[in-house]
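According to this note's numbering, numbering within the sequence shown proceeds without interruption in unit steps and concludes at 413.
Okay, so here's the structure we're looking at.
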Amino acid sequence: MGDPTTLKPGVNARAAITNDAIYQDHETIKDLVKRKREEWSKGREEFTRPAYRNLLFERGKQWITWSRATNSFRPAMVKPGTPTPVTNIFSSTMRAVRSVFARIEPRLNFAPGNPEEPEDRAAADVGSRAIHVVEDETAIRVQRQMLAAWVSLTGIAWLENGYDPDLMHGTVTIQAEQCPRCQSTQPPGALACESCQAPGPLRPMSVTRPRGKQYVDVCSIFEMFFDASVTEWSRQRGYIREKTVSEDEAKGRWKALAGEIKGHVLGGMDEWYQDALPTLGPAIDSSQTARMLQQASQRIGRRVLEQWYWQLPDETYPEGLLAVIVGRTHVGYAGPLPYGALQADGSRRPFLPTVCFPQILVPGTGYAKTVADDVALLQVERNRAESQIVATMQRVASPVWMNPK
Numbered sequence: 009m010g011d012p013t014t015l016k017p018g019v020n021a022r023a024a025i026t027n028d029a030i031y032q033d034h035e036t037i038k039d040l041v042k043r044k045r046e047e048w049s050k051g052r053e054e055f056t057r058p059a060y061r062n063l064l065f066e067r068g069k070q071w072i073t074w075s076r077a078t079n080s081f082r083p084a085m086v087k088p089g090t091p092t093p094v095t096n097i098f099s100s101t102m103r104a105v106r107s108v109f110a111r112i113e114p115r116l117n118f119a120p121g122n123p124e125e126p127e128d129r130a131a132a133d134v135g136s137r138a139i140h141v142v143e144d145e146t147a148i149r150v151q152r153q154m155l156a157a158w159v160s161l162t163g164i165a166w167l168e169n170g171y172d173p174d175l176m177h178g179t180v181t182i183q184a185e186q187c188p189r190c191q192s193t194q195p196p197g198a199l200a201c202e203s204c205q206a207p208g209p210l211r212p213m214s215v216t217r218p219r220g221k222q223y224v225d226v227c228s229i230f231e232m233f234f235d236a237s238v239t240e241w242s243r244q245r246g247y248i249r250e251k252t253v254s255e256d257e258a259k260g261r262w263k264a265l266a267g268e269i270k271g272h273v274l275g276g277m278d279e280w281y282q283d284a285l286p287t288l289g290p291a292i293d294s295s296q297t298a299r300m301l302q303q304a305s306q307r308i309g310r311r312v313l314e315q316w317y318w319q320l321p322d323e324t325y326p327e328g329l330l331a332v333i334v335g336r337t338h339v340g341y342a343g344p345l346p347y348g349a350l351q352a353d354g355s356r357r358p359f360l361p362t363v364c365f366p367q368i369l370v371p372g373t374g375y376a377k378t379v380a381d382d383v384a385l386l387q388v389e390r391n392r393a394e395s396q397i398v399a400t401m402q403r404v405a406s407p408v409w410m411n412p413k
């Protein structure tokens with residue numbers, strides 16, 4: 009099990025020290041994640057393929073076609089000497105759409121439950137001030153720009169919210185109490201040990217904890233696996249987020265697995281999409297499309313896949329499940345959902361830390377539609393027409409229409 013101070017997104021200490029047998033059964037958890045991924049992958053390529061095409065169009069690589077042999081995009085087959093001009097109306101049109109999304113900034117207002125109660129008014133004032141601190145800490149304005157870009161081009165994106173306890177954010181010393189029997193630590197003030205239920209008194213001590221920070225991360229359609237038959241995201245029971253990291257970063261984050269982690273160059277199509285994007289440069293001229301697409305397949309080196317499986321409580325996992333599968337074969341972490349909302353009766357209700365942002369809802373599916381799909385088809389027709397015009401100019405000097413005698 010990984011060190012809870014190095015897990016990302018943040019996992020609280022309570023989840024990291026759990027001893028429940030259901031979370032120690034790693035083989036069952038790996039089978040569950042594998043089964044869910046296979047189930048949620050069916051039909052998914054029909055949405056990720058046009059999403060990647062839109063990103064290629066945004067970069068100006070538009071003379072392309074889908075190859076069933078290689079299961080990827082390749083340069084379109086055109087006759088030698090055929091012009092392949094690109095006037096990127098697609099990009100300029102989608103920038104206008106993106107600006108509309110990016111300038112929408114929701115306002116959060118806090119009002120006292122009882123205006124006559126000083127404590128309620130003070131709580132509302134603190135909330136109004138605290139939200140500005142949270143926005144600055146999470147860099148929400150930058151994330152909103154990135155979210156608008158993903159939503160405009162791919163039709164759907166997610167914001168993941170949480171707490172990141174990485175040591176890079178510094179540490180803080182706090183007061184705690186230690187149990188003489190099991191040596192576990194907990195906040196002061198309890199009459200018994202929360203781990204072994206041994207009665208007090210507990211031994212006071214100082215402990216160092218990561219300072220951490222709140223974070224907001226944008227999740228793209230290439231990373232998310234979910235039940236597409238659930239049309240409203242708030243009703244999803246679980247999802248998988250896949251992301252590749254460098255081999256060195258993976259070994260640093262999962263020290264217990266460092267000797268077993270091996271990076272890879274190629275994986276599934278979803279990994280291919282993710283790893284190709286960082287080195288997806290613009291087209292230099294009309295003759296560079298083939299070379300650029302070949303370079304994209306080399307990508308950014310050896311990578312390690314992380315699968316973060318989030319599931320709401322059920323009969324098997326009454327406190328929910330967060331499982332991290334590293335390299336498809338190793339369980340880096342397994343425990344209850346680390347995030348929960350405190351209810352009026354004192355109970356804790358776990359929740360999934362993501363919010364979905366669809367562009368255009370489509371009945372019967374959880375995948376949204378984007379206007380970029382329609383604009384891309386018009387761009388293709390424009391490129392063909394412009395190619396014919398350029399070809400005519402190259403083959404006929406000062407062409408004019410001639411009336412027959």
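Idealized CB from N, CA, C, for every residue including glycine.
Residue i versus residue j - alpha carbon distance
i      : j      : result
Thr287 : Glu53  : 22 Å
Glu46  : Ser228 : 19 Å
Thr239 : Arg57  : 21 Å
Glu202 : Pro196 : 11 Å
Gly170 : Val363 : 12 Å
Gln402 : Thr90  : 10 Å
Thr180 : Gly260 : Just to set this straight, residue 180 is Val in the shown sequence, not Thr. Distance between the alpha carbons of Val180 and Gly260: 22 Å.
Gln194 : Glu185 : 6 Å
Arg106 : Ser214 : 50 Å
His177 : Gln191 : 27 Å
Leu313 : Arg336 : 7 Å
Pro218 : Pro321 : 28 Å
Lys139 : Pro83  : The amino acid at residue 139 is misidentified as Lys; the sequence shows Ile. Distance between the alpha carbons of Ile139 and Pro83: 48 Å.
Gln32  : Ala104 : 51 Å
Thr400 : Lys87  : 15 Å
Ala264 : Ala157 : 37 Å
Gly208 : Arg189 : 10 Å
Lys69  : Phe98  : 11 Å
Leu385 : Asn96  : 13 Å
Pro290 : Asp381 : 20 Å
Cys77  : Ile292 : In the sequence under discussion, the amino acid at residue 77 is Ala, which differs from the Cys named in the question. Using only the alpha carbons, I get a separation of about 27 Å.
Cβ-based burial, residue i [other Cβ within 10 Å; buried from 16]
i      : result
Glu168 : buried
Ser252 : It should be pointed out that residue 252 corresponds to Thr in this sequence rather than to Ser. Burial call: buried.
Cys187 : buried
Asp225 : buried
Met232 : buried
Pro12  : Any reading at Pro12 is ruled out, since the residue's pLDDT is 40, under 50, leaving its predicted position unreliable.
Ile333 : buried
Val404 : exposed
Asp39  : exposed
Pro361 : buried
Own chain, CB closer than 8 Å to residue i, minus 5 neighbours either side, in chain order
i     : result
Pro93 : Ser294, Asn391, Glu394, Ser395, Val398
Lys44 : Phe233, Gly246, Ile248, Tyr317
Phe81 : Tyr60, Arg61, Leu64, Ile72, Thr73, Trp74, Ser75, Leu301
Val41 : Ile248, Gln315, Tyr317, Ala331, Ile333
Residue from the options whose Cα sits closest to the Cα of residue i
i      : options                       : result
Pro344 : Gly208, Ala165, Trp316        : Trp316
Val159 : Lys44, Lys377, Arg82          : Lys377
Ala165 : Leu313, Arg219, Leu369        : Leu369
Leu199 : Leu161, Leu210, Val379, Gly51 : Leu210
Gly163 : Val379, Leu385, Leu386        : Val379
Ala130 : Ala119, Arg310, His140        : Ala119
Ile30  : Pro207, Ala352, Pro326        : Pro326
Cβ distance (whole Å) where residue i is taken to contact residue j below 8 Å
i      : j      : result
Val383 : Thr101 : 5 Å
Asp144 : Lys221 : Contact doesn't hold; Cβ gap of about 11 Å is too wide.
Ala110 : Arg67  : Ala110 to Arg67, Cβ: 20 Å. No contact.
His338 : Glu250 : Incorrect: roughly 15 Å between the Cβ atoms, too far for contact.
Asp235 : Trp48  : 6 Å
Leu63  : Leu175 : With a Cβ gap of about 34 Å, Leu63 and Leu175 do not count as contacting.
Gln244 : Pro212 : In fact, because the Cβ distance is near 44 Å, the residues do not count as touching under 8 Å.
Contact set for residue i: own chain, Cβ-Cβ below 7 Å, skip 5 residues either direction
i      : result
Tyr281 : Thr56, Tyr60, Phe230
Glu359 : For the record, residue 359 in the displayed sequence is Phe; it is not Glu. Within the same chain, Phe359 has close Cβ partners Tyr347, Gly348, Ala349.
Ile37  : Ala331, Val339, Ala342
Gly271 : Glu255, Arg310, Arg311, Val312
Ala132 : Phe118, Ala119, Pro120
heavy atom of the ligand SAH below 7 Å from residue i C-beta
i      : result
Glu257 : Although the ligand SAH was asked about, the structure shown includes no ligands whatsoever.
Residues of its chain near residue i, where Cβ-Cβ distance is below 6 Å and the 5 sequence neighbours each way are ignored
i      : result
Trp241 : Cys364
Asn122 : Asp128
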